[in-house]
Amino acid sequence: VRILVYVEARNGTLSWDSLGLLRRAAAVGEADAFVCGAGARELAAHAAAQGAARVAVADDTRLDEPLPQPHIDALYSYCQSTRYDAIFFASTVLSADIAGGLAARLEAGVNWDLQDVEDRSGELIGSRLALGDSVLVEAGWTTAIRLASFRPGAFEPDMESAAANHEIVDVDVEISPASMATRRLSFEDGKAATSVSLAKASVIVAGGRGLGTKENLRFVRDLADALHGHPAVSMPLVSAGWAPYAMQVGQTGSVVRPRLYIACGISGQMQHKIGMERSETIVAINTDESAPIFRFCDLAVVADVNEVLPKLTAIVRDRAVAEG
Ligand SMILES: Cc1cc2nc3c(=O)[nH]c(=O)nc-3n(C[C@H](O)[C@H](O)[C@H](O)COP(=O)(O)OP(=O)(O)OC[C@H]3O[C@@H](n4cnc5c(N)ncnc54)[C@H](O)[C@@H]3O)c2cc1C
Numbered sequence: 283v284r285i286l287v288y289v290e291a292r293n294g295t296l297s298w299d300s301l302g303l304l305r306r307a308a309a310v311g312e313a314d315a316f317v318c319g320a321g322a323r324e325l326a327a328h329a330a331a332q333g334a335a336r337v338a339v340a341d342d343t344r345l346d347e348p349l350p351q352p353h354i355d356a357l358y359s360y361c362q363s364t365r366y367d368a369i370f371f372a373s374t375v376l377s378a379d380i381a382g383g384l385a386a387r388l389e390a391g392v393n394w395d396l397q398d399v400e401d402r403s404g405e406l407i408g409s410r411l412a413l414g415d416s417v418l419v420e421a422g423w424t425t426a427i428r429l430a431s432f433r434p435g436a437f438e439p440d441m442e443s444a445a446a447n448h449e450i451v452d453v454d455v456e457i458s459p460a461s462m463a464t465r466r467l468s469f470e471d472g473k474a475a476t477s478v479s480l481a482k483a484s485v486i487v488a489g490g491r492g493l494g495t496k497e498n499l500r501f502v503r504d505l506a507d508a509l510h511g512h513p514a515v516s517m518p519l520v521s522a523g524w525a526p527y528a529m530q531v532g533q534t535g536s537v538v539r540p541r542l543y544i545a546c547g548i549s550g551q552m553q554h555k556i557g558m559e560r561s562e563t564i565v566a567i568n569t570d571e572s573a574p575i576f577r578f579c580d581l582a583v584v585a586d587v588n589e590v591l592p593k594l595t596a597i598v599r600d601r602a603v604a605e606g
C-alpha cells in the first residue's frame with residue numbers, strides 16, 4: 283500500500299502527531315511524506331527519520347500560512363503526478379479542512395478520528411471508538427483513494443531514529459489565485475497548554491468539575507507549575523468556558539500518556555478515561571469513595587481537592603527549594 287502523510291509544519295518544526303503518524307504509516311505500507319511552506323526543505327530530514335521513503339517538499343512561501351485552500355491545491359496538484367492508495371492526516375483544525383477539501387477534489391472517502399490503521403491482506407482497515415467510546419469499530423473505504431485523519435496522541439514518533447534510505451524531492455505545486463485570496467489577520471494560540479504539548483507532557487495535573495469554580499483552577503495550574511508539568515481539564519470545564527479546548531483530555535480532546543497524571547475532582551467517566559488511561563501512574567483526588575476513577579487509578583486520595591492541592595503544591599515547592 284502506498285501512503286502519503288501530510289506532515290504539518292508550523293513555526294519551523296514538524297508536528298509531533300504527524301511525525302508519529304508517519305512512523306505508523308511506514309510500518310503499515312510504503313509511506314511518503316509531504317512537507318510544505320518556506321524552509322520545508324530543512325525539515326525534510328526529520329520526516330525521513332520516521333521512515334518516509336520519499337519526502338516531497340514544496341518549499342513555497344504561498345504555503346506558509348495555516349490556510350486550507352492553498353494546501354488543498356498543493357496536495358491535489360502533487361497527487362496528480364504521483365498516485366497514492368491512501369493519504370493520512372494527523373487531526374488538527376487545519377488538516378481537517380485540508381482533508382475535507384482534498385477528498386472532494388479526489389472523490390475520495392475520508393474516515394475521521396481513527397485510532398489506528400492496518401493492512402489486512404492488501405486492504406486498509408482503520409479503527410475508531412464509537413458510541414461514546416463504548417465500542418471499537420473497524421472502518422474501511424469504498425473509494426480507490428482512502429483519506430483519513432487520526433486522533434491527537436494516537437502515535438508517537440521515534441526521535442532517536444536516523445533517516446535511512448530515502449529521497450527528498452522538490453515539487454512545484456499549482457495554486458490558483460482564488461485560493462490565495464484569503465488572508466490571515468491574526469492568530470491566537472492557546473498559550474496555557476496546547477494539545478501538542480499535552481500529548482508530549484510527562485507530568486499532567488488535570489482538574490474537573492470537583493474544583494467547583496473557575497478560580498479554583500489556579501490550584502491545578504500551581505501544582506502543574508511546581509511539578510514542571512502541564513495543566514489540563516475534563517470536558518465540562520471547557521464547555522463552561524473555564525479553560526481552552528487545547529487543555530481538554532479525553533475522547534474529544536487530547537489522548538495523553540504522561541509518566542504521572544494527577545486527576546483532581548474528576549469522576550473518571552469513560553470519555554475522560556479514554557484520553558488518559560495509558561498514563562504510567564495515575565493519582566486521583568476525589569471526595570467520593572465510589573468515584574469510577576478510583577477503580578483504575580494507582581493511588582486514590584479521598585479528600586477535597588481545594589484543600590489538598592495548595593498543601594501539595596507547598597510541599598513540592600519546599601522540597602524543590604531544599605534540593606536547590
Ligand atoms: C460524546 C462525548 C464526548 C465526551 N468527551 C469528553 C472528553 O473528551 N473529555 C472529558 O473529560 N469528558 C468528555 N465527555 C464528558 C464525560 O462523559 C463526563 O461528563 C466528564 O468527563 C465529567 O467531567 P468531570 O469528571 O470533571 O465531572 P463530574 O463527572 O461531574 O465529576 C466531578 C467529580 O468531582 C468530585 N468532587 C466534587 N467535589 C469535590 C471536591 N471538593 N474535591 C474532590 N472531588 C470532588 C465528585 O465526586 C465527582 O466524582 C464526553 C461526553 C460525551 C457524551
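Be aware that the sequence shown starts at 283, since it is given in my numbering, and climbs by one per residue.
Idealized CB from N, CA, C, for every residue including glycine.
Compute the Euclidean distance between the alpha carbons of A309 and S300, then round it to the nearest angstrom. Answer to the nearest angstrom: the Cα atoms are 14 Å apart.
Under 8 Å from any heavy atom of ligand 1, does the C-beta of L493 make it? Result yes, Cβ under 8 Å from ligand 1.
Have a look at R541, R500 and P526 and flag the residue whose alpha-carbon is nearest the alpha-carbon of M517. Ranking the options by Cα distance to M517, first place goes to P526.
Can you pull the DSSP bridge partners for H512? According to DSSP, which records beta bridges pairwise, H512 is partnered with I486.
Nearest candidate by alpha-carbon position, reference R465, set E589, L345 and A307: Taking only the C-alpha atoms, the option nearest R465 is L345.
Are the CB atoms of N568 and L493 within a distance shorter than 9 Å? The answer is no: Cβ separation not under 9 Å.
For C361 and D342, what's the separation of their Cα atoms in angstroms? Their backbone Cα atoms lie some 17 Å apart in a straight line.
Just checking G490 against ligand 1 - is the residue's beta carbon closer than 8 Å to any of the ligand's heavy atoms? The beta carbon of G490 sits closer than 8 Å to at least one heavy atom of ligand 1.
Note down the Cα distance separating A426 from D367, rounded to an integer number of angstroms. Looking at the two C-alpha atoms, the distance is approximately 7 Å.
Going by DSSP in three states, R560 sits in which element: helix, strand or coil? Coil, per DSSP.
Are there any heavy atoms of ligand 1 lying less than 8 Å away from the beta-carbon of Q533, as far as the coordinates show? At a cut-off of 8 Å, the beta-carbon of Q533 counts as near ligand 1: some heavy atom of the ligand is closer than that.
Reducing DSSP to helix, strand and coil, say where G391 ends up. Strand, per DSSP.
Go ahead and pull the three-state DSSP assignment for C361. Helix at C361.
Quick check on the DSSP output: the beta strand (DSSP E) that includes I369 runs from which residue to which? Counting along the chain, the beta strand (DSSP E) containing I369 begins and ends at A368 to A372.
From what residue to what residue does the beta strand (DSSP E) around S468 run? In the DSSP annotation of this structure, S468 is not part of any beta strand (DSSP E), being labelled neither H nor E.
Going residue by residue through the segment 322-360, where are the continuous beta strand (DSSP E) segments of at least 3 residues, counting only ones entirely within it? DSSP runs (the beta strand (DSSP E)) wholly in the segment 322-360: 336-340.
With a threshold of 16 other CB atoms inside 10 Å of the CB of E562, please say whether the residue is buried or exposed. E562 is exposed by the Cβ-count criterion.
DSSP three-state label for Q553, please. Residue state, collapsed to three classes: helix.
So does N447 have its beta carbon nearer than 8 Å to some heavy atom of ligand 1? N447 Cβ: outside cutoff for every heavy atom of ligand 1.
In its own chain, which residues sit with a C-beta less than 7 Å from the C-beta of G311, not counting the 5 before and 5 after it? Excluding sequence neighbours, G311 sits near V283, R284, I285 and D401.
Let me check understanding here. Comparing Cα to Cα, which of R292, C318 and E438 lies closest to L304? Just measuring C-alpha positions, the residue of R292, C318 and E438 sitting nearest L304 is E438.
M552: beta carbon under 8 Å from a heavy atom of ligand 1? Checking the Cβ of M552 against ligand 1 gives yes.
Compute every distance between the C-beta of G404 and the non-hydrogen atoms of ligand 1, then say whether any falls below 8 Å. Outside the cutoff, so no.
Cut-off 8 Å between Cβ atoms - residues of its own chain near R433, not counting five sequence neighbours on either side: So the qualifying residues of the chain are S373, D395, L396, Q397 and V537.
Quick one, which of L376, F370, G404 and S403 has its alpha-carbon nearest G391's? Answer by Cα proximity: F370.
Inter-residue Cα distance where the pair is A307 and D586: A307 and D586 have their C-alpha atoms some 45 Å from each other.
Does DSSP put I407 in a helix, in a strand, or in coil? If DSSP states are grouped into helix, strand and coil, I407 belongs with the strands.
At 4 residues or longer, and completely inside the segment 418-450: list those alpha helix (DSSP H) runs for me, N to C. Whole alpha helix (DSSP H) segments, 4+ residues: zero.
Cutoff 6 Å; reference V419; Cβ partners in own chain excluding five residues on either side: Excluding sequence neighbours, V419 sits near R410 and A412.
With a CB to CB cut of under 6 Å and the five nearest residues on each side skipped, what residues in its chain are close to K555? Here the set comprises nothing.
According to the Cβ coordinates, are Y543 and A488 closer than 9 Å? Yes, the Cβ-Cβ distance between Y543 and A488 is below 9 Å.
Which stretch, first to last residue, makes up the beta strand (DSSP E) that contains L581? Segment L581 to V584, the beta strand (DSSP E) holding L581.
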